[in-house]
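> Just so we're aligned, residue 1 is where the sequence shown starts under our numbering, counting upward by one.
Note that beta-carbon positions come from the ideal geometry of N, C-alpha and C, so glycine has one too.
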Amino acid sequence: MSPPVDPAVALAPRLPSPLQRVYDERLAERGVELWLKRDDLVHPAVPGNKWRKLAPNLKAALDQGHARLLTFGGAYSNHIRAVAAAGAAVGLGTVGIVRGDELARAERNWSLARAEGYGMELAFWDRARFRETLRGLAEPETVRGLEERWGRCYVLPEGGTNVAAARGATEIVSELVADLPDLGPGDVVCCAVGTGGTLAGIAAALPEGARALGVAVVKGARYLDGEVASLHERGWGRTFANWRIDHDHHGGGYGRVPAELAAFAEDFQALHGLAVERRYVAKMLRCVYDLAGGERLPPGSRVTAVITGPADPVPGPGR
Ligand SMILES: *Cc1c(COP(=O)(O)O)cnc(C)c1O
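#1: Taking 7 Å as the cut-off, is the C-beta of G96 nearer than that to any heavy atom in ligand 1?
#2: Could you compute how far the alpha carbon of R234 sits from the alpha carbon of R286?
#3: Which stretch, first to last residue, makes up the alpha helix (DSSP H) that contains R30?
#4: How long is the line joining the alpha carbons of A104 and W35, rounded to whole angstroms?
#5: Can T304 and G48 be called in contact, C-beta distance under 8 Å?
#6: Quick one: is the Cβ of V281 within less than 7 Å of any heavy atom of ligand 2?
#7: Is there contact here, the segment 69-85 with the segment 169-184, by at least three beta-carbon pairs under 8 Å?
#8: G196 and V228: beta carbons closer than 8 Å?
#9: To which residues of the same chain is W51 closer than 7 Å at the C-beta, ignoring the five residues directly before and after it?
#10: Enumerate in chain order the residues of its own chain whose CB-to-CB distance from P299 is below 8 Å, with the five nearest sequence positions on each side excluded.
#11: Hey, could you find the ends of the beta strand (DSSP E) T94 is sitting in?
#12: In its own chain, which residues sit with a C-beta less than 8 Å from the C-beta of V188, not counting the 5 before and 5 after it?
#13: Can you tell me whether R167 is helix, strand or coil according to DSSP?
#14: May I ask whether a heavy atom of ligand 1 can be found less than 7 Å away from the beta carbon of L199?
#15: Applying the criterion that 16 or more other CB atoms from any shown protein chain within 10 Å of the CB defines a buried residue, is R21 buried or exposed?
#16: Taking Cβ to Cβ, would you say N57 is nearer than 8 Å to G160?
#17: Taking 7 Å as the cut-off, does the CB of N49 come closer than this to any heavy atom belonging to ligand 1?
#18: Report yes if the C-beta of G309 is less than 7 Å from at least one heavy atom of ligand 1; otherwise report no.
#19: Measure the alpha-carbon distance for R129 versus E139 and round it to whole angstroms.
#20: Do K219 and ligand 1 come close, with the Cβ less than 7 Å from some heavy atom?
#21: Any idea if V9 is buried or exposed, counting beta-carbon neighbours within 10 angstroms, 16 or more meaning buried?
#22: Which of the three DSSP states is assigned to Y154 in this structure?
#23: I'd like the span of the beta strand (DSSP E) that includes Q269, first residue to last.
#24: With distances taken from CA atoms, which of H66, A85, A84 and I202 is nearest E147?
#25: Between V306 and I172, how many whole angstroms is the CB-CB distance? I'm expecting something under 8 Å.
#26: Tell whether a beta-carbon distance below 8 Å holds between K283 and A169.
#27: Just to confirm the assignment, what range does the beta strand (DSSP E) spanning E121 have?
#28: Within 7 Å: the Cβ of K53 and any heavy atom of ligand 1?
#29: Taking its Cβ as the centre, do 16 or more other Cβ atoms sit within 10 Å of S17, making it buried, or is it exposed?
#30: Throw me the rounded Cβ distance for the V341 and A123 pair, which I believe falls under 8 Å.
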């Protein structure tokens, strides 16, 4: 047997991702420094936190001799596209189960068309079945049901978050510490939160005194706090008190981009040259600007905003 492919060789991510300082008067006058951790540049098809989270899972799938990845996501899921591209690069087949059976008959949107372009097999499930299956992933019976249809496969939950994924996200902090060796009190590392895997990894890896701030992009998603705590418990056997999730900057819900937020993103791009991804990154940056100078990000704070992904090629509905 030939040795398994090394995902880091097959995909050749650009690591470490660049760290850039941003000068913005609106922040400077409130005593807040902003840096961007450009994870959006890590890989053209498996960018940002998707590479961080998939890398350990790809390795596990290959080490365990799997031939196929199976995962779940919405109609515009960044995770679905990333899995399709990564699987193609390392020689694993991919299955994507997509929320919404009505999509089966609709013309493929750009995101699903890309996933199929990488050879991913798509299945479209109604919302109830989708939800029930995700909820039951810990049950052997549920996995057996999936394998009856698709054969033995390495199953990744929606968003790709599991303990291995959170461990992968710790690399963001390892790189950051190399660039900012004094990272500690006064530092706040910010990221958008969809499922919490990225935030969990960042928080677990931060040096003493530094804090992590996650910005929920889902409305009323208090369960996310429990998700992060559970990842810490399962992956590190302890809790961490250095993180919190902001629940006030979801912009109306997952995939919603109010005009005010779009204008903020455009303004940021005009000023700083970064095309801001709207469904996650814009909400996180908006939160930083809102909190700067206040109790949560007091004067003297040094904020590192993790740019978890690039702007969509086709702006539009994010659901
Ligand atoms: C998937 C994604 C997130 C959410 O990450 P989680 O680990 O699920 O919280 C954030 N930003 C971008 C750009 C993403 O694609």
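Looking at the coordinates:
#1: Locating residue 96 in the sequence shown gives position 96, counting from the first residue. The answer is no for G96.
#2: The residue given as residue 234 occupies position 234 in the sequence shown. The residue given as residue 286 occupies position 286 in the sequence shown. Each residue's Cα considered, the two are about 32 Å apart.
#3: Stepping through the sequence shown from its first residue, residue 30 is reached at position 30. R30: not part of any alpha helix (DSSP H); DSSP gives it neither H nor E.
#4: Here residue 104 is taken as the residue at index 104 of the sequence shown, counted from 1. Here residue 35 is taken as the residue at index 35 of the sequence shown, counted from 1. Within the model, the alpha-carbon separation for A104 versus W35 is close to 42 Å.
#5: For the purposes of this step, residue 304 is taken as the residue at position 304 of the sequence shown. For the purposes of this step, residue 48 is taken as the residue at position 48 of the sequence shown. It is not a contact, given that the beta carbons lie outside the stated cut-off.
#6: In the structure shown, ligand 2 is absent; the only ligands present are ligand 1.
#7: In this structure the segment 69-85 does not touch the segment 169-184; the number of beta carbon pairs closer than 8 Å is below three.
#8: Position 196 of the sequence shown, counting from 1, holds the residue named residue 196. Position 228 of the sequence shown, counting from 1, holds the residue named residue 228. For G196 and V228, yes; Cβs fall inside 8 Å.
#9: Taking the first residue of the sequence shown as 1, we reach residue 51 at position 51. So the list reads P13, V42 and H43, once near-sequence residues are dropped.
#10: Position 299 of the sequence shown, counting from 1, holds the residue named residue 299. The beta carbon of P299 sits closer than 8 Å to those of R30, G31, V32 and G293, all from its chain and outside the five residues before and after it, given in chain order.
#11: Position 94 of the sequence shown holds residue 94. It spans G93 to R99 - the beta strand (DSSP E) in which T94 sits, taken as one unbroken run.
#12: Taking the first residue of the sequence shown as position 1, residue 188 is located at position 188. So the qualifying residues of the chain are A210, R211, A212, L213, L297, S301, R302, V303 and T304.
#13: Stepping through the sequence shown from its first residue, residue 167 is reached at position 167. Note: R167 maps to helix in three-state DSSP.
#14: Locating residue 199 in the sequence shown gives position 199, counting from the first residue. Yes, the Cβ of L199 comes within 7 Å of a heavy atom of ligand 1.
#15: The count along the sequence shown starts at 1 and reaches residue 21 at position 21. The residue in question, R21, is exposed, as its Cβ has fewer than 16 Cβ neighbours within 10 Å.
#16: Locating residue 57 in the sequence shown gives position 57, where the first residue counts as 1. Locating residue 160 in the sequence shown gives position 160, where the first residue counts as 1. Going by C-beta atoms, N57 is nearer than 8 Å to G160.
#17: For this step, residue 49 is matched to residue 49 along the sequence shown. It does: the Cβ of N49 is within 7 Å (strictly closer) of some heavy atom of ligand 1.
#18: Indexing the sequence shown from 1 puts residue 309 at position 309. It does: the Cβ of G309 is within 7 Å (strictly closer) of some heavy atom of ligand 1.
#19: In the sequence shown, the residue the question calls residue 129 occupies position 129. In the sequence shown, the residue the question calls residue 139 occupies position 139. One C-alpha to the other measures close to 15 Å.
#20: Counted from its first residue, the sequence shown places residue 219 at position 219. No heavy atom of ligand 1 is found nearer than 7 Å to the CB of K219.
#21: Your numbering for residue 9 matches position 9 in the sequence shown. Its Cβ having fewer than 16 others within 10 Å, V9 is exposed.
#22: Reading the sequence shown from its first residue, position 154 is the one you call residue 154. Under the three-state reduction of DSSP output, Y154 falls in the strand class.
#23: The count along the sequence shown starts at 1 and reaches residue 269 at position 269. It is not in any beta strand (DSSP E) - Q269 instead sits in the alpha helix (DSSP H) that spans A259 to H272.
#24: As a working mapping, residue 147 is identified with position 147 in the sequence shown. Ranking the options by Cα distance to E147, first place goes to H66.
#25: For the purposes of this step, residue 306 is taken as residue 306 along the sequence shown, with counting starting at 1. For the purposes of this step, residue 172 is taken as residue 172 along the sequence shown, with counting starting at 1. In this structure, V306 and I172 form a Cβ contact; the two beta carbons are roughly 6 Å apart against a cut-off of 8 Å.
#26: For the purposes of this step, residue 283 is taken as residue 283 along the sequence shown, with counting starting at 1. For the purposes of this step, residue 169 is taken as residue 169 along the sequence shown, with counting starting at 1. Between K283 and A169, the C-beta gap is not smaller than 8 Å, which leaves the two residues out of contact.
#27: Here residue 121 refers to the residue found at position 121 when the sequence shown is read from its first residue. Secondary structure note for E121: its beta strand (DSSP E) is the uninterrupted segment E121 to W125.
#28: Along the sequence shown, read from residue 1 onward, the residue named residue 53 stands at position 53. Result yes, Cβ under 7 Å from ligand 1.
#29: Translated into positions along the sequence shown, residue 17 becomes position 17. Flag for S17 reads buried.
#30: Nothing can be reported for residue 341, as the shown portion of the chain is limited to 1 through 319.
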